[in-house]
Amino acid sequence: MKKKEAFDRIEQLRKKINDHNYNYYVLNESIISDFQYDHLLKELIDLEEMFPEYRTEDSPTMRVGSDITRQFRQVNHRYPMLSLSNTYSEEEIFDFNKRVSTALGEEPVYVCELKYDGASISLTYKNGILDSAITRGDGEMGDDVTNNIRTIRSIPLKLRNDDYPDEFIIRGEIYLPLEGFRKLNEELISKGEQPFANPRNTASGTIKMQDPSIVAGRPLDCYLYYLLGDSLPYDNHYENLQKAREWGFRIPEQVKICRGMTEIMDYIDYWDEERKKLPFEIDGVVIKVNSLDDQVKLGYTAKSPRWAIAYKFKAEQARTKLVSVVFQVGRTGTVTPVANLEPVPLAGTVVKRATLHNEAQIKLLNLHINDTVYIEKGGEIIPKIVGVDINDRGYNAEPVQFITNCPECGSPLIKLPGEANHYCPNIYECPPQIKGRIEHFISRKAMDIDGLGEEITDLLYRSGLIKDIADLYTLKKESIVELERMGEKSADNIIKNIEKSKSTPFNRVLYALGIRFVGETVAKILARHFRSIELLSMAEYDELVGIPEIGDKIAGSIINYFGSPNNTEVLERLRNYGVNMESSGSQKSISEILKGKTIVISGEFEKHSREDYKRMIEENGGKNVSSVSSNISFILAGGNMGLSKKEKAVKLGIRILGEDDFLEILNKV
């Protein structure tokens, strides 16, 4: 075959295969058989192998996957990938509508969608080609799983038509259809292997596998449900989704415009009944404000958008026996009662244990050993006991008693005023608290020290090599090698990863310290505000509670933490060992010249990158948003500014500033 003939045939095959993918995954129409489809794909693979110069990144053959990745690259999200606020209460849906309507001055139009039970993904397209696929991660940074996502046929590698923005982001959910999950488990069982627990965990685990060829062999699918970018075609969520369908994306057919609470509740009630007929798992309904301008007006909390809420369906329940109750001590000293149960299947897993939370919960349930209990999964994840069948209780049943002393170190437990939990006060000598702090410190979302799991941490602790988190940075390869089942390669890897962790971003270091009530979100807020551990350690109560999202309990906990000589000694050692204790650029002065201003960035820039300008806005007190609305103070515009943004700005009378004008404002600081 001549080169010209090969090129023409390759182009013809690509178009045919992409059209068939669109018909099958978007239009739900199967024009050809699987055999015919596979024959076309095989011909294309053979031709691209014969003429590799014609192979392109957007070819359907790129879905097959072969490059094995040892470690996923972590990438910052251009727009934070926040979670939605959840509720199981219809009353809270009414409250949500009331809050939104009050803030906007009128009741908005909503879009209702199904809440898919899978793994969230953020896809970036540039010039119509899939550029990257990033997992949610911690909301600000996720893993680059592009090679794995390329293998999913319902995700277009190249878009249809030509009316899409030059660059945009579309987000959705990777899931495993129930039939595909059933067949996958049948295959595993036939090989004598352990079947997977449920479709959600299987989908989440699959997209994080290191070999794309294995991912390609699993029947993953994807629904897309939200677009982000500077030049979206419409000013509302619903029409943008319909346009995305024309570009080749698989958009849920169940998306519906709802006006008023009656229509919203009808949608929820309908899908609560009909969900069992769906070929995939859902766990609720998502309600979003349709207007993008209204979304901008409503804004975000530190954790979630104010313009959306998720209603979760009632959790599945099961009935079983309470065998015993044990008490566990967490890293902050919290003592949690845990119920041991007779094994029972529930929501795709076999449940053997359930949390009892605290003494008040035990008393509320009036629990007795050998009781018949009802369990459910809170949020369909963590099992909990929600009721007792009193009629099935034996005459000799013993009531469950809460303990008075720590089960690990024997210290008398304390219960702080206004709190439901009991604590072991022996912070620095109680083994589970020490090990818990170390395990938290090395965890993925904290210092991310790969190779140091719970088992090895326990070995290091029991051998006397570590007694606190700072001791990790004194470890030597020679000492680690001597541990049970520890080879030289593993020891080398641990030392290398401990060294690497010294450059962990400050907000994650702050989270890793395990300060009570300081989770990931609060750590980010504190790191942005104080910029260094030194400045945070000097903060007074009034300054702390003056920060949005920082309340009385968090402020008190921070002051108590830095008031402890043990903690300050550990922090000093961490600093001396080279652990990062400040935000990048923390020495740079921060002004409030842009305080109260909301700014849109649009176009291509010469003097600084878009990310640099976003950082400048935030460091000088401003807020960067993506959509133009009447609330915008001005637009920072570069070359090739989006036409729709420009027209809207002119219509609303919003100022448009160039790079020089913007930099001149900052130079006045």
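The numbering of the sequence shown is this note's numbering, which starts it at 108 and goes up by one. For each residue, glycine too, the CB sits at the ideal point set by N, CA and C.
Alpha carbon to alpha carbon, how far is residue i from residue j?
i: N128; j: Y332; result: 19 Å
i: D250; j: Q317; result: 12 Å
i: E487; j: G225; result: Because the pLDDT of E487 is 45, which lies under 50, any placement of that residue in the model is unreliable, and the question is left without a value.
i: F769; j: Q301; result: 60 Å
i: V732; j: K755; result: 15 Å
i: G685; j: D555; result: 16 Å
i: E449; j: Q540; result: 29 Å
i: E606; j: I549; result: 12 Å
i: S696; j: I200; result: Confidence is the limiting factor: at S696 the pLDDT is only 44, short of 50, which leaves the residue's position unreliable, though a coordinate-based value still follows. Their Cα atoms are separated by approximately 43 Å.
i: F741; j: R762; result: 5 Å
i: N533; j: V616; result: 24 Å
i: D342; j: S398; result: 6 Å
i: E725; j: S610; result: 23 Å
i: L264; j: D115; result: 20 Å
i: E647; j: I666; result: 7 Å
i: T309; j: P524; result: 43 Å
i: K704; j: S736; result: 13 Å
i: Y144; j: D599; result: 48 Å
i: L429; j: L472; result: 12 Å
i: N687; j: P612; result: 7 Å
i: S208; j: A634; result: 34 Å
i: K205; j: C365; result: 15 Å
i: E595; j: T439; result: 34 Å
i: T581; j: D557; result: 17 Å
i: E718; j: S192; result: 28 Å
i: V507; j: V392; result: 38 Å
Which same chain residues, not among the five before or five after residue i, have their C-beta less than 8 Å away from its C-beta?
i: I632; result: A409, I654, P655, E656, I657
i: E591; result: L566
i: P284; result: P306, P326, D328, P386, F387
Restricting to Cα atoms, I'd like to know which of the options is closest to residue i.
i: N305; options: V457, S208, L471, I358; result: V457
i: N528; options: M372, T441, K123, A446; result: T441
i: C537; options: H344, G765, S518, L559; result: S518
i: K421; options: R438, E380, I573; result: E380
i: K109; options: Y282, K149, Y161; result: Y161
i: M723; options: M688, I708, S737; result: I708
i: L681; options: Y720, Y648, K753, S608; result: S608
i: A323; options: R180, G437, S192, T168; result: T168
i: G765; options: K758, V218, M748; result: M748
i: E483; options: K583, L453, K290; result: L453
i: G501; options: L750, S698, I281, N477; result: N477
i: K222; options: I394, R357, R185; result: I394
i: Q361; options: Y418, S716, R382; result: R382
i: Q119; options: L148, I139, V252; result: L148
i: E589; options: L579, A417, N604, S570; result: S570
Can you name, in chain order, every residue of its own chain whose Cβ lies under 7 Å from the Cβ of residue i, other than the five neighbours on each side?
i: E294; result: none
i: N292; result: P302, F303
Using C-beta distances below 6 Å, list every residue in its chain close to residue i, excluding the 5 sequence neighbours before and after it, in chain order.
i: G745; result: G710, E711, F712
i: D575; result: V677
i: G355; result: Y129, P263, L266, R267
i: A467; result: A527
Specify the secondary structure class of residue i as computed by DSSP and reduced to three states.
i: P514; result: coil
i: S696; result: In this predicted model, S696 has a pLDDT of only 44, less than 50, meaning its place in the structure is not dependable; the value taken from the coordinates is given anyway. In the structure shown, S696 sits in coil (DSSP, three-state: anything other than H, G, I, E or B).
i: D659; result: helix
i: T479; result: strand
i: Y668; result: helix
i: L335; result: strand
i: R177; result: With a pLDDT of only 48 at R177, under the threshold of 50, the placement of this residue in the model should not be trusted, and no figure is reported.
i: V735; result: coil
i: Y648; result: helix
i: H146; result: helix
i: E487; result: Residue placement at E487 is flagged as unreliable, the pLDDT there being 45, under the threshold of 50; a coordinate-derived value is accordingly withheld.
i: G172; result: Interpretation of G172 is limited by its pLDDT of 46, a score under 50 that renders its predicted location unreliable; the figure taken from the coordinates is listed afterwards. Three-state result, G172: coil.
i: Q361; result: coil
i: R162; result: coil
i: I277; result: strand
i: F434; result: strand
Just to check my reading of the structure: residue i and residue j have Cβ atoms closer than 8 Å, yes? What is that Cβ distance to the nearest angstrom?
i: S261; j: D202; result: That belief does not hold up - the Cβ atoms of S261 and D202 are roughly 36 Å apart, past 8 Å.
i: K730; j: I700; result: About 13 Å; that fails the 8 Å criterion.
i: M593; j: I587; result: 6 Å
i: F624; j: K660; result: 6 Å
i: I124; j: L154; result: That belief does not hold up - the Cβ atoms of I124 and L154 are roughly 12 Å apart, past 8 Å.
i: G336; j: F288; result: About 33 Å separates the two Cβ atoms, so there is no contact after all.
i: I321; j: R278; result: With a Cβ gap of about 25 Å, I321 and R278 do not count as contacting.
Verify the contact flag: residue i, CB atom, against every heavy atom of the ligand MN, threshold strictly below 7 Å.
i: Y580; result: Among the components modelled here there is no ligand, and therefore nothing to report on the ligand MN.
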